[in-house]
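As numbered in the working numbering, residues 647 to 1168 make up the sequence shown, in order.
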Amino acid sequence: MWLRSSVAVRRLPRGIWNLKGVGGGGSEVSGGGKIDNGGQELRRSVPIFVHGARIAKPFAVHCKSATYSSRQHGATVRVLEKCMVAPPPNTIQEKSLPLTFFDLPFLHSPLIHHIFFCDYSHPTSHFTNEVIPKLKTSLSLTLQHYFPLAGNLIIPYNSRKPEIRYANGDSISLAVIESSEDFSLLTSNTARASDDFYPLVPKLPPSVCSSSSGALLAPLLAVQVTLFPTAGICVGFTFQRVPADGNACHKCGSDEELIASGSLPYYDRSVIDDPSELSSILWDQQRNKQFTSSQPEYVPTNKVRDTLVMHQSDVQRLKQIVLEKCPKLSRVSTFTVTCAYVWTCLIKSRRASGEEIKENDLEHFMIGADCRSLIASPLPANYFGNCLVNCIITAKTVELMQESGFIKAAGLIGEVIREKLHNKGGVLNGAEKWLSEIEGLNPERVVGVAGSPKFAVYDMDFGWGKPRKSEVISIDTTGSISLNECRDSKGDLEVGLSLPKVKMEPFSAIFASGIMEAKDQH
């Protein structure tokens, strides 16, 4: 059955609405927008509990529901509903997770924005009546198993180590939006304005200061579901980087399969040995840094976003070229070849775009390598948290801009990964320098990788089958490329980039030219 609750919109100056309510854990929910009824008081019923045959207990949803329209980036955006979704009541006890030395380096990392497009041919009425209630149910039950994401990052005022804490009633923000943007254009493998994607990115609620302890409480996750009527749906996530790495977070999208297989997330931090007190060392290095307590306001990027496909046949040709030039290598991985090729194309495109290049500058490529199975006490594959070591590859600009730059890059990437993961001193050798190593790099010359083909993003199912497209929006500001498997062609890879148009055009030309040259050679 349904239980419904009314939400009031009080009369304000014509054209403006304001709502306030209480979200999970006692947090205040508020917002504003445009009223189309001349400012008269509105009451609108919204579902707050759902019971079904497969749900033993109601899930908690604290809603504010109103509709308003605005023009953003050339498209009409209509807010259908905003609410807070919590795990089912009384299913999770209050729990705290200390931050390990694997987590602490990400304490001040930029927020991650990841969106998924799915095909959906129904109108708005079907979406609001059928989809949204089921989505809230599914989200609530998922949070039951991934409860840290419903909690907060706690940063004590007295410089004690931060922790992740879930308290009864904690919840996440869910926004439901309707957009008139062109769904087929957004999901295409062509150059698109990066700014057109930001209306699809959820806003993480701001951090608050606890009145009792003085600690800063920072929400970890926000979700937005955007409808493109009769065309598709976009599910967007904004989350703090500190709770878990991509390997762990992407398993949330396969929650039902994991539950069925008995492979629920594993949270025990005590299994991570820290005899050198790395967590204390890494915390001491950043305890005086101010934590960014709110999501930065949107600023136009003036970039274009493109998705390039690395076909398996092209990757095999590039591998063959590397092995011919480096006979000492017995093999080279698809990941290494792809990263090396894209990295060198990016560097070469800078000069082609008119940028002044200093040939003796240093270029850096950064990879986060999973080491769950390589630490002294190996972690289970379903460990929910961070367990990465940074592999930083460095070379002079002049070396990578030469015709043999791709060969050089591939050799360096493979060498650094092997040395880092199979170091005689262990993968944690030099871990006390993790932060200082990164801080010593010129951010204008760093390219990172967001994602991995191993994450299988197109195996996720939000209820509408295989996603049409995956986009990592945060690469707009981090300088990274995104990398994942192709949706429909096994063995092919998708490479996502966001660059100023003046750089994207020469990059695309250099990228295509190199692939054609490889075909001519093999």
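The beta carbon of each residue, even a glycine, is placed where N, CA and C say it ideally should be.
Exclusion of the five residues before and after T953 leaves N835, E1140 and G1142 as the residues of its chain whose Cβ lies within less than 6 Å of its Cβ.
Secondary-structure assignment with DSSP links N1036 through a beta bridge to G1014. Burial state of T1124 is buried, judged by a 10 Å Cβ sphere holding 16 or more other Cβ atoms. In the DSSP assignment, the residues bridged to K949 are P1146. Within a 10 Å sphere around the beta-carbon of T833 sit 16 or more other beta-carbons, which makes this residue buried. Under the three-state reduction of DSSP, H759 is assigned to strand. With contacts defined as CB atoms closer than 8 Å, K965 and V988 fail to qualify as a contacting pair. In the DSSP assignment, S995 falls within the alpha helix (DSSP H) that extends over T980 to A998. With respect to the 8 Å criterion, A986 and I1059 are classified as neighbours on the basis of their beta carbons. In its chain, beyond the 5 residues on either side, R887 and V888 have a beta carbon closer than 6 Å to the beta carbon of F752.
A residue is called buried once 16 or more other Cβ atoms fall within 10 Å of its Cβ, and T876, having fewer, is exposed. At the C-beta level, I818 and V869 come within 8 Å of one another.
For Y844, the secondary structure class from DSSP, reduced to helix, strand or coil, is helix.
Boundaries around P744 are those of the beta strand (DSSP E), K741 to P744, since no alpha helix (DSSP H) includes it. Checking the DSSP bridge columns, you'll see E809 partnered with P744 and I800.
By the 16-neighbour rule on beta-carbons within 10 angstroms, Y944 is exposed. Excluding residues up to 5 positions away in sequence, L795, I818 and F885 lie with their Cβ nearer than 6 Å to the Cβ of L867 in the same chain. Taking a cut-off of 8 Å for Cβ pairs, the segment 1006 to 1018 and the segment 1088 to 1103 touch, as three or more such pairs fall below it. Nearest in C-alpha terms to S825, of all of R811, F843 and P733, is F843. Between the alpha carbons of R1133 and D765 lies a gap of roughly 13 Å. Here DSSP, grouped into helix, strand and coil, assigns N736 to coil. Here F874 is bridged, per DSSP, to G878. The DSSP-derived three-state label of I1059 is helix. Apart from sequence neighbours up to five positions away, the residues of its chain that approach A839 with a beta-carbon distance below 7 Å are V950, ordered along the chain.
Excluding five sequence positions before and after S830, the CB atoms of its chain that fall closer than 8 Å to its own CB belong to A877, given in chain order.
The three-state reading of DSSP puts D960 in helix, counting H, G and I together. By the Cβ-count criterion, S1116 is buried, with 16 or more other Cβ atoms from all chains shown falling within 10 Å of its own Cβ. The straight-line gap separating the alpha-carbon atoms of V1148 and Q962 is approximately 30 Å.
Using a 10 angstroms sphere on the CB of A1164, the tally of other CB atoms reaches 16 or more, which defines it as buried. In this structure, the beta-carbon distance from P735 to K807 does not fall below 8 Å.
Contact between the segment 1153 to 1161 and the segment 796 to 806 is absent: fewer than 3 CB-CB pairs across the two stretches fall below 8 Å. Contact annotation, R915 with T746: C-beta distance approximately 6 Å; criterion of less than 8 Å satisfied. Beta-bridge annotation (DSSP): E1117 is paired with I761.
In the same chain as K1079, and ignoring 5 residues on each side of it, no C-beta atom comes closer than 7 Å to its own. Cα atoms of M956 and C991: separation of roughly 13 Å, rounded to the nearest angstrom. Out of H1010, N1088 and R1091, the CA that lies nearest to the CA of V1062 is found in H1010.
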